[in-house]
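Asker:
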Amino acid sequence: MVRILALETSRKPGSIALLDDATLVCEVELPEDGGPGRSLAPLIDAQLRFAGWCVADLDLIACTVGPGSFTGLRIGVTTAKTLAYAADSQILGVPTLDVVAEQAPGNIATLTTVLDAQRRQLFAARYDRSADQRWQAAGEPQIIDQSVWLAQLSGPSWVSGSGLQRLAGELPAAVQVVADIQWEPRAATVAEIALWRYQEGQRDNFWQLTPRYYRKSAAEEKWERQQ
Numbered sequence: 000m001v002r003i004l005a006l007e008t009s010r011k012p013g014s015i016a017l018l019d020d021a022t023l024v025c026e027v028e029l030p031e032d033g034g035p036g037r038s039l040a041p042l043i044d045a046q047l048r049f050a051g052w053c054v055a056d057l058d059l060i061a062c063t064v065g066p067g068s069f070t071g072l073r074i075g076v077t078t079a080k081t082l083a084y085a086a087d088s089q090i091l092g093v094p095t096l097d098v099v100a101e102q103a104p105g106n107i108a109t110l111t112t113v114l115d116a117q118r119r120q121l122f123a124a125r126y127d128r129s130a131d132q133r134w135q136a137a138g139e140p141q142i143i144d145q146s147v148w149l150a151q152l153s154g155p156s157w158v159s160g161s162g163l164q165r166l167a168g169e170l171p172a173a174v175q176v177v178a179d180i181q182w183e184p185r186a187a188t189v190a191e192i193a194l195w196r197y198q199e200g201q202r203d204n205f206w207q208l209t210p211r212y213y214r215k216s217a218a219e220e221k222w223e224r225q226q
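Structure follows, in structure tokens:
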């Protein structure tokens, strides 16, 4: 039996989920009117009580590690590490674009997932189905200009992710789009990915797990330009 707490804080509003082996115990979104800094800990406590669990019952804490909101990722990873330390449990970070890919229909063989990186840019990653039907990422996520990414699309292909929201009408006719209800990463999917990776023996080092921003903040980039 593996009891998992999963946190998704890369996007607003974010969500948390509890998984008992392959059974989803609960999944709850964070309040729209409050950031994860205020609402995450109370919501975790409420859902643990709902399940009849305590922190010490958790075997694995999973969280998205990016790309996504700088603040959301920082709070999510810090919370996950704090709880893992308190529970003496294992911890796993899951890339946000992996979560979006996992939510696509199972009959898709190749997929590109995209998130909005602001400044008319996208975070993008490409995936291929392996023999065991798991997604395999073809390299690390990249930051790419929207226009360049659109120009690279060719032939029949599938795309998914909230980065498509600003690209309505610009996609080539041969490109197929996953239903938008699956674009936003969910904590339940984070938990599902974490479960099979955990069962395969994957673990993250508690002390080394950090958010993966894939770019500097706007403030950091502005400071560098002024030097």
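Positions 0 to 226 (numbering that gives the first Met the number 0) are the ones given, in order, by the sequence shown. Backbone N, C-alpha and C define an ideal beta-carbon position, used for all residues, glycine too. Here the structure is a predicted model, which means the values were calculated and not measured.
Excluding the five sequence neighbours on either side, which residues of its own chain have a C-beta within less than 8 Å of the C-beta of glutamine 201, listed in chain order?
Answerer: The sequence position of residue 201 within the sequence shown is 202, counting from 1. Contacts found: Leu91.
Asker: Flag this pair as yes or no: are the beta carbons of glycine 154 and alanine 173 separated by less than 9 Å?
Answerer: Stepping through the sequence shown from its first residue, residue 154 is reached at position 155. Stepping through the sequence shown from its first residue, residue 173 is reached at position 174. Yes, the Cβ-Cβ distance between glycine 154 and alanine 173 is below 9 Å.
Asker: For serine 14, which three-state DSSP category applies?
Answerer: Locating residue 14 in the sequence shown gives position 15, counting from the first residue. Residue state, collapsed to three classes: strand.
Asker: What does glutamate 26 pair with, by DSSP beta-bridge criteria?
Answerer: Locating residue 26 in the sequence shown gives position 27, where the first residue counts as 1. DSSP output for glutamate 26 lists Ala16 as bridge partner(s).
Asker: DSSP on arginine 133, reduced to helix/strand/coil?
Answerer: Position 134 of the sequence shown, counting from 1, holds the residue named residue 133. Coil at arginine 133, not helix or strand.
Asker: In or out: aspartate 203 buried (at least 16 other Cβ within 10 Å) or exposed?
Answerer: As a working note, residue 203 is residue 204 in the sequence shown. The residue in question, aspartate 203, is buried, as its Cβ has 16 or more Cβ neighbours within 10 Å.
Asker: Identify the continuous alpha helix (DSSP H) that holds threonine 227 and give its terminal residues.
Answerer: This structure cannot settle anything about residue 227, because the visible part of the chain is limited to 0 through 226.
Asker: Can you tell me whether proline 41 is buried or exposed? The criterion is at least 16 other CB atoms within 10 Å of its CB, across all chains shown.
Answerer: Here residue 41 corresponds to residue number 42 of the sequence shown, with the count starting at 1. Proline 41 is exposed by the Cβ-count criterion.
Asker: With burial defined as no fewer than 16 other Cβ atoms inside 10 Å of the residue's Cβ, what is the status of cysteine 53: buried or exposed?
Answerer: For this step, residue 53 is matched to residue 54 along the sequence shown. So cysteine 53 ends up on the exposed side.
Asker: Any idea what DSSP makes of tryptophan 182, helix, strand or coil?
Answerer: Residue 182 sits at position 183 when you count from the first residue of the sequence shown. Reduced to three states, the DSSP call for tryptophan 182 is coil.
Asker: Note down the Cα distance separating leucine 23 from glycine 34, rounded to an integer number of angstroms.
Answerer: Within the sequence shown, residue 23 is the residue found at index 24, counting from 1. Within the sequence shown, residue 34 is the residue found at index 35, counting from 1. Cα to Cα, the separation comes out at about 24 Å.
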